[in-house]
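Shown next, in structure tokens, is the structure this report addresses.
In our numbering, the protein residues as written are 124 to 294.
Below, the structure is given as structure tokens:
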């Protein structure tokens, strides 16, 4: 699971390397393969090996989120639940994390359940979308139907109310 505030999942008393090694241990892998698994995942997901000796308070928010993504992947999941993983990040780091998540889904074939209030991110990342209202599924359709021609009145109101992104000085 990848959550909004990665600091909540990182033990302040463990180095990043020890935190990641713990994930491998819980995934029931042999101890001699742990270090190689950690180094491999670090190299593939935008983290410098020098971070392994650091502690969570020494990392930026984006680095912490990458560590949590790496930690989730070390467990060898078939599915990742990403609950608002970019909402606490600035725009440039948010874009990097979105690209990383897209890469993971595409290249590693891992399914992702992406939970977000940011409809632009949902449109970018998701092929099938569930719209919830008051804890109930209000609508469920492929992305192109949700954003192209929403049938459900609640979904339509959400799409119409979403903020428009500006590009090159134009709306």
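We put the CB at the ideal spot given by N, CA and C, even for glycine.
Worksheet entry | Coarse secondary structure for residue 265, derived from DSSP in three states | strand
Discussion item. Just to confirm the assignment, what range does the alpha helix (DSSP H) spanning residue 244 have?
Written reply: 242 to 248
Worksheet item: Anyone know if the C-beta pair for residue 191 and residue 129 falls short of 8 Å?
Response: yes
Worksheet entry | Spatial neighbours of residue 200 in its chain, beta-carbon cut-off 8 Å, leaving aside the 5 residues before and after | 233
Item to complete: Determine, using beta-carbon pairs with one atom in the region 236 to 250 and one in the region 213 to 226, whether at least three such pairs fall under 8 Å.
Response: yes
Worksheet item: Excluding sequence positions up to five away, which residues of its chain have a Cβ less than 7 Å from the Cβ of residue 146?
Response: 194, 197, 198
Fill in: Beta-carbon proximity of residue 185 to residue 212, cut-off 8 Å
yes
Practice prompt. Check each candidate in 217, 175, 137, 258 and name the one with the smallest Cα separation from residue 127.
Written response: 217
Practice prompt. Return helix, strand or coil for residue 277, following the three-state DSSP convention.
Written response: helix
Worksheet item: Hey, out of 277, 269, 267, whose CA is closest to residue 259's CA?
Response: 277
Practice prompt. Put residue 139 into one of helix, strand or coil per three-state DSSP.
Written response: helix
Fill in: residue 234, enclosing beta strand (DSSP E) - first and last residue
234 to 238
Worksheet item: Which term fits residue 164, buried or exposed, when burial requires 16 or more other beta carbons within 10 angstroms of its beta carbon?
Response: buried
Fill in: Sub-8 Å separation of residue 236 and residue 284 beta-carbons
no
Discussion item. Judging by CA-CA distance, which residue of 169, 268, 161 is the nearest neighbour of residue 226?
Written reply: 169
Item to complete: Ignore the nearest five residues each way along the sequence and tell me which others in residue 270's own chain have a CB closer than 6 Å to its CB.
Response: 246
Discussion item. If I measure Cβ to Cβ from residue 187 and keep anything under 8 Å in the same chain, skipping five residues before and after, which residues do I get?
Written reply: 129, 130, 133, 179
Discussion item. Could you tell me the alpha carbon to alpha carbon distance between residue 138 and residue 254, rounded to whole angstroms?
Written reply: 39 Å
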